[in-house]
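A.B. asks: Please see the structure below; I have some questions.
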Amino acid sequence: MNDAMRSVRKKPAVNFLLVFLMTVLNTAPLSAAEQADSLAAFSDPARIWGNGPERVIEEAYRLCFKTRIIGGKVMNLRMPFAENNERDTLIEESWEFFGGGNADPAFLMTAIEEILDSEAFAEYTQALQNGREQVIIFDIPSQSWKSSRDLFDIARMKAGSYRGLPHRPYVLVSGQGIEETDVYNYLYCVGLAGMDCSGFVWHVLTYTAKQGGVDLGVTLRRILGVKRGENPSWYAGTAFFNSKSSQMISVKDEIRNLRPADILLFRSADGTMSHSAVIQSVDLLAGRIRYLQCTDEAPLSERGVHESFIYFDPKKPQTSLSDPLLIWTQKRYAPFPGEKASPFSDDGERFRAFAELGGGRIVRLRALAPVLEKMGKR
Numbered sequence: 328m329n330d331a332m333r334s335v336r337k338k339p340a341v342n343f344l345l346v347f348l349m350t351v352l353n354t355a356p357l358s359a360a361e362q363a364d365s366l367a368a369f370s371d372p373a374r375i376w377g378n379g380p381e382r383v384i385e386e387a388y389r390l391c392f393k394t395r396i397i398g399g400k401v402m403n404l405r406m407p408f409a410e411n412n413e414r415d416t417l418i419e420e421s422w423e424f425f426g427g428g429n430a431d432p433a434f435l436m437t438a439i440e441e442i443l444d445s446e447a448f449a450e451y452t453q454a455l456q457n458g459r460e461q462v463i464i465f466d467i468p469s470q471s472w473k474s475s476r477d478l479f480d481i482a483r484m485k486a487g488s489y490r491g492l493p494h495r496p497y498v499l500v501s502g503q504g505i506e507e508t509d510v511y512n513y514l515y516c517v518g519l520a521g522m523d524c525s526g527f528v529w530h531v532l533t534y535t536a537k538q539g540g541v542d543l544g545v546t547l548r549r550i551l552g553v554k555r556g557e558n559p560s561w562y563a564g565t566a567f568f569n570s571k572s573s574q575m576i577s578v579k580d581e582i583r584n585l586r587p588a589d590i591l592l593f594r595s596a597d598g599t600m601s602h603s604a605v606i607q608s609v610d611l612l613a614g615r616i617r618y619l620q621c622t623d624e625a626p627l628s629e630r631g632v633h634e635s636f637i638y639f640d641p642k643k644p645q646t647s648l649s650d651p652l653l654i655w656t657q658k659r660y661a662p663f664p665g666e667k668a669s670p671f672s673d674d675g676e677r678f679r680a681f682a683e684l685g686g687g688r689i690v691r692l693r694a695l696a697p698v699l700e701k702m703g704k705r
């Protein structure tokens, strides 16, 4: 494996749209229609992924990003991670995210736009532009925040003496302007907007199925046990993906068996599956797997929906994802600096964890098979 491959830098494909737009604006004048056509052609996922399932999954992924100008900066905002009951362990009070973490991106992006356009968010933005170092203290249950310029609070944060709690994160900011990570913190702690891991996987699967004329919510309603008037996405969690349902096909853990839309399941210490992700592409020639997920145990700039990679030897397609020689580029960190770090250094370590209980697992949704087969023939 060469050094370039090891040091791959992960940037969502939508970031390149901004570069292209700047290029267009600095070249010979084009009509509005010509500029729109050029931008659409450049941003079309088919340029990179063709017309198979990889393209459709990429489209679903891109729906989880929004480009905005905030505080004078162009920002590519990603859908935050949002899981109910994740941080309420120390208090009796609980809270729920919009749609319980299972709403679709269109609904959530509408809510996010309203949050970003609010006077309350404008006050937050101004506080981060006042030129003064400070500690932002969020209170998730009350959906509020306050600023502390206390020198002892600042010194403690710099010294690594974190005083925050799961439901009350502390964040040290410079006061020199708002960053994408600051926007994420606000959307998560105050806006209560985002998706959990299985909510994102369900979004990708349902979007893919819809492009093939299949409504998974209708198809799987009875199997999921959806009650009248309720949303199927509330029932399609990681537990369902790991269930013994006839709709879930267990995939033999060898890279050559993997397909786009296969689901990666990560086991927890109690034997259950606590995290899920979805494969977008498997390149057997280049030795690269790209998978997509939504989690907050990641580098600060990647918290929420993001892409991840696994590199393998193309000469050994029979390799298991549990092989420690594989290179998983996705690192795992605490959601907020100062909090207890993840027990796993990267996704590979997490996938291999708890081998005595079965370790990681790969599954495939049976109802999606005809759609994927049809897309693969395009």
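469 is the number that my numbering gives to position 142 of the sequence shown; each next residue is one higher, with no gaps. The beta-carbon is built from N, C-alpha and C at its ideal position, and this holds for glycine as well. As the structure is a computational prediction, the values presented were derived from the model and not from experiment.
1. Taking the alpha helix (DSSP H) that T416 belongs to, which residues open and close that run?
2. For the candidate residues I576, T533, Q470, whose alpha-carbon lies nearest to that of E420?
3. Could you give the first and the last residue of the continuous alpha helix (DSSP H) run that contains Y511?
4. How big is the Cα-Cα spacing for L514 and F663?
5. Compare the Cα-Cα distances from F636 to each of K667, Y660, A604, K400 and report the closest residue.
6. Helix, strand or coil for R459? Go by DSSP, reduced to three states.
7. Jot down the residue ranges of each uninterrupted alpha helix (DSSP H) in the region 370-419, minimum 4 residues, whole runs only, in chain order.
8. Would Q620 and A694 be called neighbours here (beta carbons separated by less than 8 Å)?
9. DSSP three-state call for I582: helix, strand or coil?
10. By Cβ distance below 6 Å, which residues in the same chain neighbour S595 in space, the five residues on each side in sequence not counted?
11. Using CA coordinates, which residue listed in H530, D371, R389 is at the minimum distance from D431?
12. Across which residues does DSSP place Y638 in a beta bridge pair?
13. Just to confirm my understanding: we take S572, look at its own chain, exclude 5 residues before and 5 after, and list those with CB closer than 8 Å. What are they?
14. Might you give, ordered along the chain, the residues of its own chain that have their beta carbon closer than 6 Å to the beta carbon of S560, omitting 5 neighbours on each side?
15. At a Cβ threshold of 8 Å, is S370 touching chain D?
16. Tell me the DSSP bridge mates of Q453?
C.D. replies: Looking at the coordinates:
1. Counting from one through the sequence shown, the residue named residue 416 turns up at place 89. Where T416 is concerned, there is no enclosing alpha helix (DSSP H), because DSSP gives it neither an H nor an E.
2. Counting from 1 along the sequence shown, the entry for residue 420 is found at position 93. For E420, the nearest C-alpha among the options comes from Q470.
3. Locating residue 511 in the sequence shown gives position 184, where the first residue counts as 1. Per DSSP, Y511 is one residue of the alpha helix (DSSP H) stretching across 507-516.
4. Residue 514 sits at position 187 when you count from the first residue of the sequence shown. Residue 663 sits at position 336 when you count from the first residue of the sequence shown. Taking the straight line from one Cα to the other gives about 14 Å.
5. Within the sequence shown, the letter at position 309 stands for residue 636. Residue A604 is the option with its Cα nearest to F636.
6. Residue 459 sits at position 132 when you count from the first residue of the sequence shown. Assigned with DSSP and collapsed to three states, R459 falls in coil, not helix or strand.
7. Given a length threshold of 4 residues, each whole run of the alpha helix (DSSP H) inside the region 370-419 is given here in chain order: 373-376, 380-389.
8. One-based indexing of the sequence shown puts residue 620 at position 293. One-based indexing of the sequence shown puts residue 694 at position 367. No.
9. Position 255 of the sequence shown, counted from the start, is the residue given in the question as residue 582. Residue state, collapsed to three classes: helix.
10. Here the question's residue 595 lines up with position 268 in the sequence shown. The residues are S601.
11. Your numbering for residue 431 matches position 104 in the sequence shown. Ranking the options by Cα distance to D431, first place goes to H530.
12. Position 311 of the sequence shown, counted from the first residue, corresponds to residue 638. Per DSSP, the beta-bridge partners of Y638 are R615, I654.
13. Here residue 572 refers to the residue found at position 245 of the sequence shown. Within the same chain, S572 has close Cβ partners I550.
14. What you label residue 560 is simply residue 233 of the sequence shown in a count that begins at 1. So the qualifying residues of the chain are N429, W529.
15. In the structure shown, chain D cannot be found, because there is only a single protein chain.
16. Here residue 453 refers to the residue found at position 126 when the sequence shown is read from its first residue. Q453 is not bridged by DSSP to any residue.
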